[in-house]
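Peer 1:
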Amino acid sequence: MIFWQDPQFGNRLITMMAALVLVLQILMVAQRSIVGNIRGFGIQSFLLASIAATIAYFNHATQVYIVAALTLVFKAIVLPLILEQLVERIQIRQEIEPFLNAPLSVIVSGLLTLVAYIVAESLHRPEQGTAQTSLGHNTLAVALALFLIGFFMMLNRRKALTQILGLLSLENGLFLAAISLTYGMPLLIELGITFDLLVAVLVLGVLVYRIRETFDSMDVSKLSRLRG
Amino acid sequence: MLLPTILIVPLAAGALSFVARRRRLMESVNLVAFAALFILAVALVGQVLRAGVISGWNGFLHADSLSALVVLLTAFVGLVCSIYAVGYFREDERNQVFEGGSAGAIAVSTLRKYYALTPLFVFSMLLVALADNLGVMWVALEATTLTSVFLVTFYGRATSLEAAWKYAIIGGVGLSMALLGTILTYYSAHNILATETLASLNWSVLVTHAAQFDKTTMKLAFILILLGYGTKAGVAPMHTWKPDAYSEAPVPAAAILSSATLNCALYGLVRFYVLASRCLDGNYPGRLLLLFGVLSMGISVPFVLIQRNFRRLLAYHTIDHAGIMVTALGVGGPLGAFGLTLHMTFHTVAKSLLFLCAGTVFQHFRTDLFGKIKGGAIRLLPFAGTVFFMATLAIVGTPPFSLFQSEFVILRAAFTAGHYVSAVLFVVFGVGIFAGAVLHVGGLVLGPSEPGPVAPWYPWRDSAVLLSTAVLVVMGFWLPTPMFDLVRSAAGIVSGAQ
Numbered sequence: 001m002i003f004w005q006d007p008q009f010g011n012r013l014i015t016m017m018a019a020l021v022l023v024l025q026i027l028m029v030a031q032r033s034i035v036g037n038i039r040g041f042g043i044q045s046f047l048l049a050s051i052a053a054t055i056a057y058f059n060h061a062t063q064v065y066i067v068a069a070l071t072l073v074f075k076a077i078v079l080p081l082i083l084e085q086l087v088e089r090i091q092i093r094q095e096i097e098p099f100l101n102a103p104l105s106v107i108v109s110g111l112l113t114l115v116a117y118i119v120a121e122s123l124h125r126p127e128q129g130t131a132q133t134s135l136g137h138n139t140l141a142v143a144l145a146l147f148l149i150g151f152f153m154m155l156n157r158r159k160a161l162t163q164i165l166g167l168l169s170l171e172n173g174l175f176l177a178a179i180s181l182t183y184g185m186p187l188l189i190e191l192g193i194t195f196d197l198l199v200a201v202l203v204l205g206v207l208v209y210r211i212r213e214t215f216d217s218m219d220v221s222k223l224s225r226l227r228g
Numbered sequence: 229m230l231l232p233t234i235l236i237v238p239l240a241a242g243a244l245s246f247v248a249r250r251r252r253l254m255e256s257v258n259l260v261a262f263a264a265l266f267i268l269a270v271a272l273v274g275q276v277l278r279a280g281v282i283s284g285w286n287g288f289l290h291a292d293s294l295s296a297l298v299v300l301l302t303a304f305v306g307l308v309c310s311i312y313a314v315g316y317f318r319e320d321e322r323n324q325v326f327e328g329g330s331a332g333a334i335a336v337s338t339l340r341k342y343y344a345l346t347p348l349f350v351f352s353m354l355l356v357a358l359a360d361n362l363g364v365m366w367v368a369l370e371a372t373t374l375t376s377v378f379l380v381t382f383y384g385r386a387t388s389l390e391a392a393w394k395y396a397i398i399g400g401v402g403l404s405m406a407l408l409g410t411i412l413t414y415y416s417a418h419n420i421l422a423t424e425t426l427a428s429l430n431w432s433v434l435v436t437h438a439a440q441f442d443k444t445t446m447k448l449a450f451i452l453i454l455l456g457y458g459t460k461a462g463v464a465p466m467h468t469w470k471p472d473a474y475s476e477a478p479v480p481a482a483a484i485l486s487s488a489t490l491n492c493a494l495y496g497l498v499r500f501y502v503l504a505s506r507c508l509d510g511n512y513p514g515r516l517l518l519l520f521g522v523l524s525m526g527i528s529v530p531f532v533l534i535q536r537n538f539r540r541l542l543a544y545h546t547i548d549h550a551g552i553m554v555t556a557l558g559v560g561g562p563l564g565a566f567g568l569t570l571h572m573t574f575h576t577v578a579k580s581l582l583f584l585c586a587g588t589v590f591q592h593f594r595t596d597l598f599g600k601i602k603g604g605a606i607r608l609l610p611f612a613g614t615v616f617f618m619a620t621l622a623i624v625g626t627p628p629f630s631l632f633q634s635e636f637v638i639l640r641a642a643f644t645a646g647h648y649v650s651a652v653l654f655v656v657f658g659v660g661i662f663a664g665a666v667l668h669v670g671g672l673v674l675g676p677s678e679p680g681p682v683a684p685w686y687p688w689r690d691s692a693v694l695l696s697t698a699v700l701v702v703m704g705f706w707l708p709t710p711m712f713d714l715v716r717s718a719a720g721i722v723s724g725a726q
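Which chain is which? The protein sequence lines are A and B, in order. Those letters in the first sequence? Residues 1 to 228, by the working numbering. Those letters in the second sequence? Residues 229 to 726, by the working numbering.
1. Does any residue of chain B bring its CB to less than 8 Å from the CB of V21 (chain A)?
2. Where does the unbroken beta strand (DSSP E) through G284 (chain B) begin, and where does it stop?
3. Mapping the DSSP letters down to three states, classify F583 (chain B) as helix, strand or coil.
4. What is the DSSP secondary structure of A359 (chain B), reduced to helix, strand or coil?
5. Just to confirm the assignment, what range does the alpha helix (DSSP H) spanning A461 (chain B) have?
6. Measuring only between beta-carbons, confirm whether H437 (chain B) sits less than 8 Å from chain A.
7. Of all the options A:F147, A:S224, A:D219, which has the alpha carbon lying nearest to the alpha carbon of F99 (chain A)?
8. Indicate whether K600 (chain B) and S677 (chain B) have their beta-carbon atoms separated by less than 8 Å.
9. Taking a contact to mean a Cβ-Cβ separation below 8 Å, would you say G567 (chain B) touches A556 (chain B) in this structure?
10. Classify A449 (chain B) as buried or exposed, calling it buried when 16 or more other Cβ atoms lie within 10 Å of its own Cβ.
11. Out of B:V325, B:M365, B:T626, which one is the CA nearest neighbour of W431 (chain B)?
12. Does H290 (chain B) get closer than 8 Å to chain A when you measure Cβ to Cβ?
13. What is the DSSP secondary structure of K470 (chain B), reduced to helix, strand or coil?
14. Going along chain A in order, which residues have a C-beta closer than 7 Å to the C-beta of W393 (chain B)?
15. Please report the straight-line C-alpha distance between F351 (chain B) and N11 (chain A), rounded to a whole angstrom.
16. Identify the continuous alpha helix (DSSP H) that holds L289 (chain B) and give its terminal residues.
17. Check L727 (chain B) in the structure and name its three-state DSSP category.
18. Taking 8 Å as the CB-CB limit, is Q91 (chain A) close to chain B?
19. Smallest Cα separation from V702 (chain B): which of B:G724, B:A622, B:F590, B:P684?
20. Cutting at 7 Å between CB atoms, please list the residues of its own chain near A565 (chain B), excluding the five before and the five after it.
21. Please identify the residue among B:V305, B:L653, B:W285, B:E255 whose C-alpha is closest to the C-alpha of I236 (chain B).
22. Along chain B, in chain order, which residues have C-beta atoms closer than 7 Å to that of S122 (chain A)?
23. Please list the segments of the alpha helix (DSSP H) lying wholly inside the segment 3–88 of chain A, counting only runs of 4 or more residues, in order along the chain.
24. Is T214 (chain A) close to chain B? Criterion is C-beta to C-beta, closer than 8 Å.
25. Tell me the residue span of the alpha helix (DSSP H) that contains I234 (chain B).
26. Along chain C, which residues have their Cβ under 9 Å away from the Cβ of G363 (chain B)?
27. I need the straight-line Cα distance from I43 (chain A) to M28 (chain A), nearest angstrom please.
28. Give the straight-line distance between the Cα atoms of G129 (chain A) and V115 (chain A), rounded to the nearest whole angstrom.
29. Whole angstroms are fine: how far does the CA of V208 (chain A) sit from the CA of Y160 (chain A)?
30. Let's see if you can read the secondary structure: which residues bound the alpha helix (DSSP H) around D196 (chain A)?
31. Could you name the residues of chain A that L429 (chain B) contacts, counting a contact when the two beta carbons are closer than 9 Å?
32. By DSSP's criteria, P98 (chain A) is part of a beta bridge. Which residues make up the other side?
33. For L597 (chain B), name the three-state secondary structure that DSSP assigns.
34. Contact criterion: CB-CB distance below 8 Å. Does A177 (chain A) meet it with respect to chain B?
35. Looking at the C-beta of E127 (chain A), does it have a partner C-beta in chain B at a distance below 8 Å?
36. If you draw a straight line from the C-alpha of T71 (chain A) to the C-alpha of I77 (chain A), how long is it?
Written out as C-alpha cells, the structure reads:
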C-alpha cells in the first residue's frame with residue numbers, strides 16, 4: 001500500500017495538524033499584536049480546513065469536502081479580512097492589553113490543555129476502538145483545549161475586538177470537536193453554523209465600531225455604567 | 229402547509245418592513261402579520277390536538293403539543309406587542325427621544341429597525357419551536373440573539389451599547405457551549421444510529437433511541453446544554469446580561485424578550501432534558517436543574533428588594549421565574565412537568581403585560597427610577613396604573629390569579645417528590661420576591677401623587693394592555709378546555725409520558 005492510502009498515515013497527519021492548531025492557539029494567547037492574532041486565527045482556520053479535507057479523503061466522505069471548502073473560504077479568508085478592515089477603520093493602538101502577562105497566560109493555557117486531556121480521556125471508549133474512534137481521540141482533546149483556552153482568552157482581554165477573536169477561536173474548537181468526533185455535523189447544520197458565525201462577527205463588528213465611536217475606547221472594562 | 233406558512237408570514241413581514249418607506253405602512257404590515265400569525269397559531273393548536281403530531285417539509289418541521297404551546301404563546305405576545313408598539317413609538321416620536329432628533333426621515337429609519345427586526349426575531353423563535361433537528365434548533369436560537377442585538381441598541385445611548393455588548397458576548401459564549409453539547413449528543417447517538425443524514429439529529433428520532441446513548445458523553449452534553457441554554461434563559465449565574473438588555477431595549481421588544489424568548493430557551497432545554505432523562509436516570513439532570521433553578525430564585529431576591537429602577541426590577545423578576553420553571557423541570561414527574569407548562573403559559577401573559585404597563589408609566593413620567601416618581605401613578609394613569617399593580621400581584625403569585633395555581637402545583641410536586649430543601653427555599657424566596665415587588669410597585673402606583681392632568685385613554689397602548697389583561701383575568705378563573713388539554717399534553721411530552 002502506498003503511504004497516502006494508508007489510514008494510519010492519515011491519522012498521523014491529522015494528529016500533527018491538530019497539534020499545530022493547539023500550538024497556534026497558545027501562541028495567540030501570548031501574542032500582543034491584534035493583527036498578528038487575526039492572522040493566527042486565519043492560519044488556524046486553514047489548518048482546520050486541511051484536517052477536514054484529510055478526513056474527507058481517507059473516509060471517502062464527499063460532504064466533508066464541502067465543509068472543508070466552507071471553512072477555507074469563510075473562516076480562513078473572509079472573516080480575517082473583515083476583522084483586519086475593522087482594525088484599520090477604528091484605528092486602535094495595535095496592542096492587546098491582557099490582564100495576565102504572557103508567561104502566566106501560557107501557563108494557564110497549559111493547565112487548561114491538561115484539563116482537556118483528562119476530560120477527553122473519560123469520553124474515550126477503547127472497547128469500541130476501531131480505527132475511526134482512535135482517530136477522534138487525540139483531536140478531541142485538542143478541540144476541548146481550544147474551547148477552554150478560547151474562554152480564557154475572552155476573560156483575559158479588555159478590548160472588545162480581542163474578545164471577538166477569543167470567541168472565534170472557541171468556535172474553532174467546536175468545529176474540530178464536531179469533525180473529529182463525527183466527521184462533521186450534517187451539511188445543512190454546518191451551513192447554518194457558518195452563516196450564524198458570519199452574521200455574529202458582522203453584528204459584533206458593528207457594535208465594536210459604535211462602542212469605539214461613543215466611548216472613544218474599546219476597553220470593555222469601561223462598560224460599567226449599568227449595575228444592580 | 230400550515231407549518232411553513234407560520235414561518236413565512238413573519239419572514240415576509242420583516243422583508244416588507246425593511247423596504248417600506250412610510251411609518252404607517254410598516255405599522256400595518258406588522259399588525260396584519262401578527263394578527264395572521266396568531267390565527268395560524270390557533271389553527272396549529274387545533275390540528276395538533278386532533279392529530280397529535282404534525283410535520284412538514286419532509287419532517288424538517290415538526291410540531292407536537294409542546295411546540296404548539298410555545299408557538300401559541302409567542303404569537304400571542306407578538307400580537308399584543310405589535311398593537312402596543314404603534315402607540316409606544318408614536319409617543320416616542322412626540323417626545324423626540326430618537327437618536328439625532330426625530331425629524332420624519334430619521335424617525336422612519338429608526339423605526340424600520342424595530343419593525344423589520346421584530347418579525348425576524350419572532351420568526352427565529354418560531355423556528356426554534358418547529359424545527360425537529362436539534363442542530364437547526366441551535367442555529368435558530370443563535371439567530372434570536374443576532375436579530376435582537378440591534379433592538380437592544382435601538383436608542384443608541386452609551387448604556388444601550390454596553391447592554392448590547394454584554395447581551396451578544398455572553399449569549400454567544402453560552403450558545404457555543406450549547407453547540408458543544410449538541411455535538412456531544414450527536415456523538416453519543418452516533419454509534420447507535422450509524423447514519424450521517426440530517427435525520428440523525430432529529431429529536432423525534434433520537435428520543436426513541438435515547439436509552440441506548442453513551443451515558444458518560446450524555447452527562448457532559450447535558451451539563452453543557454444546561455449552561456448554554458440556561459444562559460439564553462437567564463438562569464443564574466449566567467443572568468448578568470438580562471437586567472441591562474431588558475431595561476435598554478424599547479419596551480415592546482423587552483416584553484417579547486422577557487416572555488417569548490425565555491420560553492424558547494427553556495423549550496430547547498426541555499428537549500435535551502427528555503433525551504437525558506431517558507438515557508440517564510431522572511436524578512442526574514433533575515439535581516442539576518434544581519441547583520440552578522433554586523440559585524436563580526435566590527439571587528434575584530436581594531436585587532428585587534433593593535431595586536431602584538422598575539424595568540430592572542421586572543428583569544430580576546424574570547430571572548426568578550426562569551428559576552421557578554427550571555426548578556419545576558428539575559422536580560420532574562407528571563406533576564412537575566404540568567407545573568412547568570402551566571407556569572410557562574401564565575408567566576408569558578403576565579410578564580409581557582407587566583412590561584407594557586411599565587412602558588406606559590415610563591413614557592408618562594419619562595423616567596424608570598422609583599425615586600423620581602413621587603407615587604400615585606394610579607391617579608395620573610388610572611388604567612395603566614391599576615393594571616400595573618394588579619399584574620404585579622398576579623405575577624408574585626397572589627390568589628386568585630393563575631400564577632398562584634401553577635406555583636402551587638410546582639410546590640406540591642416538589643414536596644411529593646421529596647425535594648424538601650428546594651421546596652422550603654422556594655417558599656422563602658417567593659416571600660422575598662413578593663415583599664420586594666409589592667412594596668416597590670405599590671409605592672409607585674398608590675399613595676399621593678404630584679398634581680398633574682389625568683392621562684387620557686391611549687388608543688393603541690391601552691387596548692393592547694386591555695386585551696392582555698382580559699386574558700390574564702379570565703385565565704385566573706377559567707382555562708378553556710382545549711387550552712387545558714394543550715397544556716396537559718405538553719406536560720406529557722416534558723415528563724416523557726408520551
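All C-beta atoms, glycine included, are put in the ideal place defined by N, C-alpha and C.
Peer 2: So, from the data block:
1. To locate residue 21 (chain A), count along the first sequence from 1; it is residue 21. By this cut-off, V21 (chain A) is not an interface position.
2. Start at 1 with the first residue of the second sequence, and residue 284 (chain B) comes out as number 56. That run of the beta strand (DSSP E) goes 282–284.
3. Residue 583 (chain B) sits at position 355 when you count from the first residue of the second sequence. Reduced to three states, the DSSP call for F583 (chain B) is helix.
4. As a position in the second sequence, residue 359 (chain B) is number 131, starting the count at 1. A359 (chain B) falls in the strand class under three-state DSSP.
5. Counting from 1 along the second sequence, the entry for residue 461 (chain B) is found at position 233. Taken as a continuous stretch (DSSP letters only), the alpha helix (DSSP H) holding A461 (chain B) covers 443–461.
6. Here residue 437 (chain B) refers to the residue found at position 209 when the second sequence is read from its first residue. So, not an interface residue.
7. On the first sequence, residue 99 (chain A) is found 99 positions in, with the first residue counted as 1. Selected option, being the one with the closest Cα: A:D219.
8. Against the second sequence, residue 600 (chain B) aligns to sequence position 372. Against the second sequence, residue 677 (chain B) aligns to sequence position 449. No.
9. Start at 1 with the first residue of the second sequence, and residue 567 (chain B) comes out as number 339. Start at 1 with the first residue of the second sequence, and residue 556 (chain B) comes out as number 328. In this structure, A556 (chain B) lies closer than 8 Å to G567 (chain B) by Cβ.
10. Numbered from its first residue, the second sequence carries residue 449 (chain B) at position 221. That one is buried.
11. Position 203 of the second sequence, counted from the start, is the residue given in the question as residue 431 (chain B). That would be B:M365, whose Cα lies nearest to the Cα of W431 (chain B).
12. Here residue 290 (chain B) refers to the residue found at position 62 when the second sequence is read from its first residue. When Cβ-Cβ separations below 8 Å define contact, H290 (chain B) makes no contact with chain A.
13. In the second sequence, the residue the question calls residue 470 (chain B) occupies position 242. Here DSSP, grouped into helix, strand and coil, assigns K470 (chain B) to helix.
14. The residue labelled residue 393 (chain B) in the question sits at position 165 within the second sequence. Simply A160, L207, I211, V220, L223.
15. Your numbering for residue 351 (chain B) matches position 123 in the second sequence. Your numbering for residue 11 (chain A) matches position 11 in the first sequence. Each residue's alpha carbon lies about 43 Å from the other.
16. For the purposes of this step, residue 289 (chain B) is taken as residue 61 along the second sequence, with counting starting at 1. Element bounds for L289 (chain B): not the alpha helix (DSSP H) but the beta strand (DSSP E), 289–291.
17. Residue 727 (chain B) lies beyond the range of chain B shown here (229 to 726); nothing can be said about it.
18. Indexing the first sequence from 1 puts residue 91 (chain A) at position 91. Residue-level contact by beta carbon fails for Q91 (chain A) and chain B, as no gap is shorter than 8 Å.
19. Translated into the one-based positions of the second sequence, residue 702 (chain B) becomes position 474. Considering only alpha carbons, the answer is B:A622.
20. Residue mapping note: residue 565 (chain B) aligns to position 337 of the second sequence, counting from 1. Cβ neighbours of A565 (chain B) beyond the five flanking positions: A719, V722, S723.
21. For the purposes of this step, residue 236 (chain B) is taken as residue 8 along the second sequence, with counting starting at 1. Taking only the C-alpha atoms, the option nearest I236 (chain B) is B:W285.
22. Taking the first sequence and counting its residues from 1, one reaches residue 122 (chain A) at position 122. Per Cβ cutoff of 7 Å: T444.
23. 7–30, 34–59, 62–70
24. Position 214 of the first sequence, counting from 1, holds the residue named residue 214 (chain A). Chain B, which has a Cβ nearer than 8 Å to the Cβ of T214 (chain A), makes this yes.
25. For the purposes of this step, residue 234 (chain B) is taken as residue 6 along the second sequence, with counting starting at 1. Counting along the chain, the alpha helix (DSSP H) containing I234 (chain B) begins and ends at 230–247.
26. The structure shown contains no chain C; its protein chains are A and B.
27. Stepping through the first sequence from its first residue, residue 43 (chain A) is reached at position 43. Stepping through the first sequence from its first residue, residue 28 (chain A) is reached at position 28. Each residue's alpha carbon lies about 11 Å from the other.
28. Residue mapping note: residue 129 (chain A) aligns to position 129 of the first sequence, counting from 1. Residue mapping note: residue 115 (chain A) aligns to position 115 of the first sequence, counting from 1. Per-residue confidence for G129 (chain A) stands at a pLDDT of 44, beneath the threshold of 50, marking its modelled position as unreliable; the derived number appears in the next sentence. Cα-Cα distance, rounded: 22 Å.
29. Taking the first residue of the first sequence as position 1, residue 160 (chain A) is located at position 160. Taking the first residue of the first sequence as position 1, residue 208 (chain A) is located at position 208. Looking at the sequence shown, residue 160 (chain A) is not Tyr but Ala. Distance between the alpha carbons of A160 (chain A) and V208 (chain A) is about 6 Å.
30. Position 196 of the first sequence, counting from 1, holds the residue named residue 196 (chain A). From DSSP, the alpha helix (DSSP H) with D196 (chain A) extends over 187–215.
31. Start at 1 with the first residue of the second sequence, and residue 429 (chain B) comes out as number 201. What L429 (chain B) touches in chain A: M185, P186, I189.
32. Counted from its first residue, the first sequence places residue 98 (chain A) at position 98. Here P98 (chain A) is bridged, per DSSP, to A:R157.
33. Taking the first residue of the second sequence as position 1, residue 597 (chain B) is located at position 369. L597 (chain B) falls in the strand class under three-state DSSP.
34. If you number the first sequence from 1, residue 177 (chain A) lands on position 177. Yes - at least one Cβ of chain B is within 8 Å of the one on A177 (chain A).
35. Residue 127 (chain A) sits at position 127 when you count from the first residue of the first sequence. Low per-residue confidence applies at E127 (chain A): pLDDT is 49, beneath 50, and the placement is therefore not dependable, though the value from the model is reported in the following sentence. Output row for E127 (chain A): interface = no.
36. As a first step, residue 71 (chain A) must be located in the first sequence, where it is residue number 71. As a first step, residue 77 (chain A) must be located in the first sequence, where it is residue number 77. Straight-line Cα distance between these residues: approximately 9 Å.
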